[in-house]
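Trainee: Take a look at this one; I'll ask things after.
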Amino acid sequence: MNTENLIALLVAAPLLGAVVLLCGGRRLDRVGHWIGTLLSALSFVIGLVLFTDMLGKGAEDRSLHQHLFSWIPVEGFQADVAFQLDQLSMTFVLLISGVGTLIHLYSIGYMEHDERRRRFFGYLNLFLAAMLLLVLADNYLLLYVGWEGVGLASYLLIGFWQHKPSAATAAKKAFLVNRVGDMGLSIAIMLMFTTFGTFAFGPVLEASEGTSEGKLTAIGLMLLLAACGKSAQVPLQSWLGDAMEGPTPVSALIHAATMVTAGVYLIVRSGAIFNGAPDAQLAVTVVGAVTLLFGAIVGCAKDDIKKALAGSTMSQIGYMILAAGLGPIGYVFAIMHLVTHGFFKAGLFLGAGSVMHGMNDEVDMRKYGGLRKYMPVTFVTFGLGYLAIIGFPGLSGFFSKDKIIEAAFAKGGTEGWILGSVALLGAAITAYYMTRVMLLTFFGEERWRHRATASPEQPSAEPAAETRGQHSEPHPHESPRSMTIPMILLAVGSVFAGGFFSIGDRFTHWLEPVTHHDHGDSPLSAATVTGATMVVLVVGVTLAWFQYGRRPVPAVAPRGSLLTRAARRDLLQDDFNHVVLVRGGEHLTRSLVYVDHTLVDGVVNGTAASVGGLSGRLRKLQNGYARSYAVSMFGGAAVLIVATLLMRAV
Amino acid sequence: MNPVNYLYLAALLFAIGASGVLIRRNAIVVFMCIELMLNACNLAFVAFSRLHGNLDGQIIAFFTMVVAAAEVVVGLAIIVSLFRSRHSASVDDASLMKL
Amino acid sequence: MSATAVHSLWTTAADPIDKIDAPKIEYGQLAPTLIVIGAAVLGVLIEAFVPRKFRYYAQLFVSVVALAAAFAAVVALAAGDYGTTKARIAAMGAIAVDGPALFLQGTILLTGLVAIFTFAERRLDPVAHGNRVDSFVAQAGAVPGSAGEQAATKAGFTTTEVFPLALFAIGGMLVFPAANDLLTLFIALEVFSLPLYLLCALARRKRLMSQEAAVKYFLLGAFASAFTLFGIALIYGYAGSVSYGTVAKVVDGTITSVDPALAGTMGNDALLLIGAAMIVMGLLFKVGAVPFHMWTPDVYQGAPTPVTGFMAAATKVAAFGALLRLLYVVLPGLRWDWRPVMIGVAVVTMLGGAIVAITQTDIKRLLAYSSIAHAGFILAGVIATTEEGISSVLFYLAAYSFVTIGAFAVVTLVRDAGGEATHLSKWAGLGRRSPLVAAVFAVFLLAFAGIPLTSGFSGKFAVFKAAADGGAGALVVVGVISSAIAAFFYIRVIVLMFFSEPKADGPTVAVPSPLTMTAIGVGVAVTLVLGVAPQYFLDLAGQAGVFVR
Amino acid sequence: MSFPLLTATAALPAVGAIVTAAVPAARRTAAKWLALLFSVATLALAVVVAVRFDPDGDRYQLTESRSWIADFGVRYELGVDGIGVALIALTALLIPFIILAGWHDADPLETKSSRWRPTQGFFALILAVEAMVIISFEATDVFLFYIFFEAMLIPMYFLIGGFGDRAHAGSDEKASAQRSYAAVKFLLYNLAGGLIMLAAVIGLYVVAGNFSLQEIAEARANGSLDMATNTERWLFLGFFFAFAVKAPLWPLHTWLPNAMGEATAPVAVLITAVVDKVGTFAMLRFCLGLFPEASKWATPAILVLALISIIYGALLAVGQRDIKRLVAYASISHFGFIILGIFAMTSQGQSGATLYMVNHGISTAALMLVAGFLISRRGSRLIADYGGVQKVAPVLAGTFLIGGLATLSLPGLAPFVSEFLVLAGTFARYPAVGIIATFGIVLAALYTLVLYQRTMTGPVKPEVASMPDLKVRELAVVAPLIALLIVLGVYPKPVTDLVNPAVEHTMSDVQKKDPKPEVEAAK
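Structure (structure tokens):
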């Protein structure tokens with residue numbers, strides 16, 4: 002059989018799951034979660050089959066193509082439903098379906114007490130389908146479908162606990178901010194349509210060689226806008242923090258491992274366009290650099306464990322975007338870091354989830370402490386993930402991040418220096434805040450003792466909490482196997498993936514046919530960079546240890562410096578949005594409603610009223626006196642006569 | 004004497020009649036004024052007939068008189084019935100219907 | 003002028019004449035008019051000789067038969083091509099028998115027939131002292147509310163004179179649009195006006211208002227006809243003749259004057275223009291054009307509703323017929339003088355009628371103002387000064403008269419203790435009480451508003467089309483605007499009937515006899531037929547669109 | 192002459208209207224079933240029309256032509272092109288759902304006298320509207336079109352004014368007052384537009400001498416009829432004004448929120464999903480077909496107005512407190528898109544616009560009808576009176592969400608296809624306009640999600656605590672619509688194939704060519 006026909010099944014399987022689970026009704030409640038997990042596993046298996054098949058082929062003819070049907074055929078505008086599976090997509094397929102399956106597994110235990118678990122799995126499957134569609138599409142419009150599809154899924158999942166206003170708001174916010182990004186994507190597609198007359202990857206990327214830089218820059222910037230929205234890059238990052246309102250598995254899968262990396266995919270996929278548009282590339286790198294610092298700083302200040310991790314996610318994706326902005330030097334490393342990050346960040350989130358699970362859904366790290374002996378598995382897996390992300394030598398993060406920093410320097414020129422040093426600084430801060438998380442959670446005194454966990458000003462996060470004894474001292478305990486197994490597997494991944502990829506530049510060769518790769522000439526030797534990384538790493542860790550390891554941690558966060566306070570508020574970005582966009586928007590709409598009523602409507606009503614008034618006045622002439630009628634007749638006659646005579650005169 | 008003067012006289016009478024209609028309150032008087040206007044017309048007809056030297060005008064004058072008589076019959080009938088039911092022949096009192 | 007000429011005039015007139023050649027009258031072609039007038043005279047005799055309890059039936063019989071016969075005669079004449087090829091001037095030049103005349107006479111006769119039905123309606127008013135009564139006063143002479151009146155009512159008197167009166171009026175109306183000299187025009191005017199004055203005074207209820215309406219109508223009517231007469235005098239002075247043909251010739255200069263000797267002194271355009279203006283003014287009064295419209299609302303309101311319907315429909319038809327003939331046959335030479343003036347009148351009439359109607363609170367007054375607005379629309383067609391203009395006006399008149407008479411017939415049905423409940427507030431929620439009546443009235447209102455698929459739309463379209471073709475595009479725009487305004491108050495009534503809650507003391511809808519039902523039925527039928535499939539009647543009007551000269 | 196299929200399609204609902212109206216007062220249910228029966232039969236006929244229609248055949252097919260009013264140069268000429276077929280299908284499709292959704296909306300309150308038969312009237316009027324809408328999609332004679340374009344107002348007017356929803360149970364007087372205000376406003380706006388159009392129609396006759404769309408178009412093409420530039424512009428404006436009121440286009444839109452707010456949900460759907468489409472359809476067929484030059488002349492101004500409608504409508508939707516008014520303003524925004532697509536004068540734009548008419552019809556129907564079910568349960572139209580509904584009525588909430596997502600044109604649902612086509616088509620010729628219009632999609636997300644959040648999510652309000660979920664009848668109304676939304680979103684090809692050739696014709700009417708992509712242009 003020819004394997005490309007399998008591609009559609011990759012998407013179909015989870016989609017089927019979603020349909021069945023969402024339309025199935027209550028009778029599926031008992032088995033729903035298994036259906037979901039199995040179907041996602043199925044698509045992972047298919048992925049593996051295709052993968053092995055692909056490995057069997059030569060590097061050049063690995064790209065598969067499947068054309069299903071013509072979607073929107075209009076004069077001069079042809080959009081097809083067709084899939085393209087090359088090494089890049091393949092990487093994503095495996096990551097998405099693999100991690101996705103693990104997290105399905107995890108959720109079975111995690112959502113056990115939620116009566117709407119079936120729907121939850123339906124949403125998860127819907128997400129998988131959309132995400133796979135996104136990475137498998139062979140043209141930008143179909144990609145757009147997946148793009149919005151994952152947006153919808155994330156909307157549904159963030160707001161899964163809709164009865165919580167905060168959750169509903171967060172979901173709405175996420176969707177809206179993403180919509181702004183989507184605007185970018187759709188404009189980009191229109192630009193492609195007007196420039197190339199098509200928006201299928203193949204033709205567009207080929208044609209982009211010989212197209213004016215201006216056009217390419219425009220397209221590139223629009224794509225960047227889209228990427229910012231989806232990947233929570235400055236200035237559209239504000240939604241990611243709130244997205245943590247969603248159940249933790251969601252945060253792990255969507256807001257750490259897969260969806261948020263779609264932006265990176267988009268940029269790498271559109272490499273040819275960016276290669277032709279240096280300015281756009283520069284913009285990308287800048288965004289990446291800024292975000293990686295931004296995220297890191299925010300991550301340092303948060304006491305909410307998930308929010309801290311969210312900050313870190315932001316910053317790590319910043320690395321990827323930065324790398325992607327570097328062009329052929331960086332593409333491969335961007336993806337590589339993406340994959341490794343997928344492993345360890347997912348692992349970290351699951352770990353955090355497991356902690357919350359054991360702590361009555363407490364999220365404030367200041368109320369944790371010394372948990373390592375209560376939940377050993379979690380501790381170990383989380384620890385490994387921690388080491389991986391800070392780039393401990395030998396673990397995944399070490400390889401991937403290191404490469405990116407190198408590449409940043411390799412960009413050359415002052416830009417190279419600036420970017421490189423920013424990346425380094427980022428590494429230091431990463432080490433700092435992750436150590437902080439680690440210490441606050443697993444080491445130090447057990448701050449959760451003798452204290453009602455859910456403090457009134459912080460309402461407990463999840464409804465399940467109501468079933469488990471609230472306001473009583475928590476009894477930290479290890480999570481069930483269904484939860485721990487995925488964590489372990491992910492931990493394994495986060496330990497070895499990096500090494501596996503890097504040895505003999507496997508990953509580079511694997512991706513090269515798609516992304517092309519060249520080694521820029523770095524002003525610094527690889528060794529120097531690595532050394533520098535190590536140094537900053539140590540600095541970061543020790544700093545953290547001095548602050549949180551040695552001294553006891555206050556239960557309520559100290560006021561802190563101006564920066565700290567700003568960082569706690571996401572560097573005031575939200576406040577800005579609130580004041581400028583929300584308030585401003587409200588005023589605008591209110592005034593418009595007023596205008597519509599008084600002005601637009603008023604003009605018409607006014608005319609009507611004035612006619613009525615005129616009528617009322619003319620009516621007075623009809624005063625009932627025969628003589629005044631006679632007067633009007635007489636006058637009329639006079640006018641008639643005079644007018645007739647005048648007509649003759651003139 | 005220039006026959007055109009008869010026309011001026013006719014016009015004058017017509018104007019007097021018309022202004023009477025506009026000014027006087029008593030329905031009977033108003034009606035008489037209208038009769039005056041009709042007679043002004045008659046005068047005009049006769050004068051013209053004389054000027055043209057054909058008899059049409061004079062014949063019309065007779066018709067006019069008949070019509071006037073008929074109007075008197077109808078008019079008086081109406082006015083009298085109005086007077087009997089209101090005990091007033093003032094056209095201004097008859098203003099139930101207005102606006 | 004020289005004294006000798008005058009002397010000779012007298013002498014020739016004084017000479018003994020041995021034989022008089024009798025005037026030549028084409029009785030056949032004048033049949034419609036003669037039948038109606040004859041029937042009217044017969045009606046008078048019936049009043050004189052037939053015992054009271056039979057009069058009503060006798061009168062009804064006579065009038066219906068007469069009108070039907072007259073209509074048959076008209077049809078026969080039309081079938082005999084008198085409307086087209088054999089069109090001629092009859093009765094020694096006094097009356098024209100041609101397309102427009104026949105078409106309008108036919109319309110008037112049918113309207114009159116329907117009107118007679120509403121006159122004869124005797125089921126609406128509550129039975130008084132054991133005998134059914136129509137909507138006319140028991141004894142016109144009796145003082146309202148006096149013992150005499152009660153006695154008359156008890157005795158079961160009814161004013162059956164209304165039938166001959168109506169017949170006389172119809173007779174006059176038949177002549178009016180056919181009149182071919184100014185004298186006939188004037189006589190016809192009076193012949194149909196005087197009976198109408200009387201009919202206005204004969205309402206059974208609200209007699210004071212009825213009498214007041216009569217007085218106003220009479221005085222103002224007489225006033226107007228005085229103007230007309232003086233205008234005629236001036237025209238006569240200008241042209242030396244009152245015959246349409248001759249005057250027309252003089253106007254467009256084919257002959258200077260009947261008496262060449264006088265051309266110098268008399269061929270004075272001032273006479274012509276003033277005279278024309280005054281005659282036109284008299285006609286505009288009859289059609290109720292602004293600023294000669296002010297009698298309309300009061301008279302429409304005060305008169306007995308069947309009479310109002312009759313007036314509103316038939317008078318307009320007759321008067322516009324006369325106006326058309328005057329402008330198209332006598333004064334085409336003056337077109338460039340009167341056209342702008344008439345455009346002005348049309349504009350103020352359309353707008354004035356529509357605007358003032360908005361704030362009316364009495365259904366009859368409302369319809370009065372709407373009739374004024376419609377007069378404006380018809381004038382737009384008159385102004386077209388094309389053959390198409392004539393036929394469009396004819397069509398519009400036919401369409402309009404049936405809608406009007408039907409609408410007023412419906413008004414007679416909605417009654418409360420004080421007789422007809424004409425105040426709009428009383429009509430609230432009528433659609434809930436009796437959907438059928440309300441629906442029928444809604445149809446008439448929509449026709450007035452000119453909504454497609456009703457005769458109102460066809461007529462309006464025809465007229466506006468003619469006006470636009472005749473180069474009066476501006477008039478079309480004004481017409482459209484005033485239609486929009488007018489739509490507002492028609493809609494208001496519909497809202498009132500259907501969407502507002504019925505009042506507790508609301509009026510009841512009397513169940514009429516077949517007579518009124520026929521009237522309303524005919525109205526609805528014509529409205530819809532002329533709205534959906536007007537082609538046949540448009541053809542009719544089109545063929546009838548030529549005046550004989 | 193072959194069987195007059197188009198006449199039959201239009202006549203069937205008309206007959207249905209008469210029959211339904213004639214049902215005696217007591218037999219209310221019978222009337223309902225009759226109405227449903229007739230509407231379904233009409234749908235069947237419409238399907239036949241769609242099948243008999245050959246997209247690649249002549250421009251106008253299934254044509255009929257009889258003389259009607261020779262004096263006015265009016266003929267009874269019917270004929271459909273792809274656009275007409277699509278819209279007839281839409282109409283015929285929606286009416287059964289509208290009837291089904293309004294099943295109980297017109298059950299008389301006890302206070303009414305026995306002779307008052309609202310139920311029969313309600314359904315008869317709906318069928319009457321259907322008949323008139325269908326024939327105005329079929330008419331190829333301007334006058335014939337105009338007649339039904341106008342006559343349509345009357346039944347609509349009674350539907351709006353006569354059958355407001357039972358939302359505010361308390362102040363019935365006030366309610367009926369607002370209702371009749373809305374009805375009158377609707378009628379006067381559209382009547383005014385229609386009358387101005389009447390002037391233009393007459394003008395057209397004076398210029399062209401007949402009303403046949405094809406004859407006039409031919410005459411213009413072969414130069415035997417040349418309008419003076421100004422004449423053409425005035426006539427165009429006369430026509431466009433009427434259509435812009437109906438569509439409705441800013442600033443002539445204010446009647447729509449009142450009408451949709453006061454009318455029952457099914458009637459509101461009838462207004463925005465069916466009747467208003469006649470306006471946009473007529474722009475495409477008559478404005479472009481009869482006055483190509485003037486259309487091109489007016490394009491800039493119209494594009495600006497369309498843009499304003501898009502943004503303005505969306506912003507006002509955000510500001511609404513009343514669910515139905517919100518949907519109304521959303522529709523205004525969407526009509527902006529449609530008009531944008533029509534006057535972008537690219538084949539993508541116009542195909543998109545046509546597709547948009549269909550999709551918007553379905554999506555609004557879905558959203559509005561569910562909203563109607565919601566309102567009928569709680570008896571209030573105010574968003575503030577709801578909250579947490581998804582907890583008690585998940586299915587209702589779900590369908591509502593899908594309707595909303597369709598409204599914000601989520602990819603995968605039908606509206607996305609049309610909206611993107613419109614945007615791309617506009618962008619191809621007027622990039623700036625295209626970009627500004629794109630902001631509309633963000634705002635759409637805003638008002639939809641805000642509506643959903645305020646009504647469906649959050650803690651359960653006590654008033655909605657006992658709210659039942661969708662009944663079978665209601666589900667039967669919503670489910671097919673949603674299915675259709677998905678199908679047309681994934682596989683719109685059947686419709687596009689139907690529409691494309693027709694759009695090519697309109698493009699040739701205005702003698703416009705699609706702008707070539709730069710890369711090709713370069714070569």
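Protein chains in written order, with my numbering: chain A, 2 to 651; chain B, 4 to 102; chain C, 3 to 551; chain D, 192 to 714. Even glycine gets a Cβ: it sits at the ideal position worked out from N, Cα and C. A quick note: this is a predicted structure, and the numbers were derived from the prediction, not measured.
Flag A81 (chain C) as yes if its beta-carbon sits less than 8 Å from any beta-carbon of chain A, otherwise no.
Mentor: As a working note, residue 81 (chain C) is residue 79 in the third sequence. For A81 (chain C), the answer is no, since every Cβ of chain A falls outside 8 Å of its Cβ.
Trainee: Out of D:G312, D:V324, D:L531, which one is the CA nearest neighbour of F354 (chain D)?
Mentor: Here residue 354 (chain D) refers to the residue found at position 163 of the fourth sequence. It is D:G312.
Trainee: Considering only C-alpha positions, which residue in the set C:I97, C:K428, C:G431 is nearest to S245 (chain C)?
Mentor: For the purposes of this step, residue 245 (chain C) is identified with residue 243 of the third sequence, where counting begins at 1. The residue with the shortest Cα to Cα distance from S245 (chain C) is C:I97.
Trainee: A19 (chain A): buried (16+ other C-beta within 10 angstroms of its C-beta) or exposed?
Mentor: Here residue 19 (chain A) is taken as the residue at index 18 of the first sequence, counted from 1. Buried is the call here.
Trainee: Please name the residue in C:D20, C:P179, C:G481 whose C-alpha comes closest to that of L106 (chain C).
Mentor: For the purposes of this step, residue 106 (chain C) is taken as the residue at position 104 of the third sequence. Checked all of C:D20, C:P179, C:G481; the closest Cα to L106 (chain C) is C:P179.
Trainee: Put T254 (chain D) into one of helix, strand or coil per three-state DSSP.
Mentor: Position 63 of the fourth sequence, counted from the first residue, corresponds to residue 254 (chain D). Three-state result, T254 (chain D): strand.
Trainee: Name the two residues that bound the continuous alpha helix (DSSP H) containing D243 (chain A).
Mentor: As a working note, residue 243 (chain A) is residue 242 in the first sequence. From DSSP, the alpha helix (DSSP H) with D243 (chain A) extends over 239-244.
Trainee: Mind pulling the chain A residues with CB within less than 7 Å of G563 (chain D)?
Mentor: Position 372 of the fourth sequence, counted from the first residue, corresponds to residue 563 (chain D). Within 7 Å Cβ-Cβ: nothing; G563 (chain D) doesn't reach chain A, min ~22 Å.
Trainee: Using a beta-carbon distance cut-off of less than 8 Å, what residues from the segment 618-632 of chain A approach chain B?
Mentor: Taking 8 Å as the Cβ-Cβ cut-off against chain B, the residues of the segment 618-632 of chain A that qualify are R620, K621, Q623, N624, G625, Y626, A627, R628, A631, V632.
Trainee: In this structure, how does DSSP classify W511 (chain A) when only helix, strand and coil are distinguished?
Mentor: Taking the first residue of the first sequence as 1, we reach residue 511 (chain A) at position 510. Helix.
Trainee: Any Cβ of chain B within less than 8 Å of the Cβ of V640 (chain A)?
Mentor: Counting from 1 along the first sequence, the entry for residue 640 (chain A) is found at position 639. Taking Cβ atoms only, chain B never reaches closer than 8 Å to V640 (chain A), which makes this a no.
Trainee: Give the straight-line distance between the Cα atoms of S436 (chain C) and F534 (chain D), rounded to the nearest whole angstrom.
Mentor: Along the third sequence, one-based indexing puts residue 436 (chain C) at 434. Along the fourth sequence, one-based indexing puts residue 534 (chain D) at 343. Spanning the two alpha carbons is a distance of roughly 49 Å.
Trainee: Quick check on the burial criterion: 16 or more other C-beta atoms within 10 angstroms. Buried or exposed for N6 (chain A)?
Mentor: The sequence position of residue 6 (chain A) within the first sequence is 5, counting from 1. N6 (chain A) should be labelled exposed.
Trainee: I'd like to know whether the C-beta of V722 (chain D) is nearer than 8 Å to at least one C-beta of chain C.
Mentor: Lying before the first or after the last residue shown, residue 722 (chain D) is absent from chain D, which here runs from 192 to 714.
Trainee: Just to make sure I have the definition right: I need the residues of chain A whose C-beta is within less than 8 Å of the C-beta of L102 (chain B). Which are they?
Mentor: Residue 102 (chain B) sits at position 99 when you count from the first residue of the second sequence. Within 8 Å Cβ-Cβ: R620, K621, Q623, N624, G625.
Trainee: Exposed or buried, which one is G59 (chain A) when buried takes at least 16 other CB atoms within 10 Å?
Mentor: As a first step, residue 59 (chain A) must be located in the first sequence, where it is residue number 58. Its Cβ having fewer than 16 others within 10 Å, G59 (chain A) is exposed.
Trainee: For A543 (chain C), which residues from the same chain have a beta carbon less than 7 Å from its beta carbon, with the 5 sequence-adjacent residues on both sides left out?
Mentor: For this step, residue 543 (chain C) is matched to residue 541 along the third sequence. For A543 (chain C), where only same-chain residues beyond five positions count, the Cβ hits under 7 Å are F105, S393, L396, F397.
Trainee: For I632 (chain D), which three-state DSSP category applies?
Mentor: If you number the fourth sequence from 1, residue 632 (chain D) lands on position 441. For I632 (chain D), the secondary structure class from DSSP, reduced to helix, strand or coil, is helix.
Trainee: Closer than 7 Å by C-beta to W297 (chain C): which residues in its own chain qualify, once you throw out the five before and the five after it? Chain order, please.
Mentor: On the third sequence, position 295 is the one that residue 297 (chain C) refers to. Result list for W297 (chain C): K218, Y219, L222, in chain order.
Trainee: Measuring CB to CB, does G60 (chain B) end up less than 8 Å from L39 (chain B)?
Mentor: Against the second sequence, residue 60 (chain B) aligns to sequence position 57. Against the second sequence, residue 39 (chain B) aligns to sequence position 36. Not in contact: G60 (chain B) and L39 (chain B) (Cβ atoms no closer than 8 Å).
Trainee: For a cutoff of 8 Å on Cβ pairs, would you count V70 (chain B) as touching chain A?
Mentor: Counted from its first residue, the second sequence places residue 70 (chain B) at position 67. By this cut-off, V70 (chain B) is not an interface position.
Trainee: Please tell me whether, using a cut-off of 7 Å, the distance from the CB of S600 (chain D) to the nearest non-hydrogen atom of the ligand GTP is below it.
Mentor: Only the bare structure without any ligand can be found here, which leaves the ligand GTP out of the picture.
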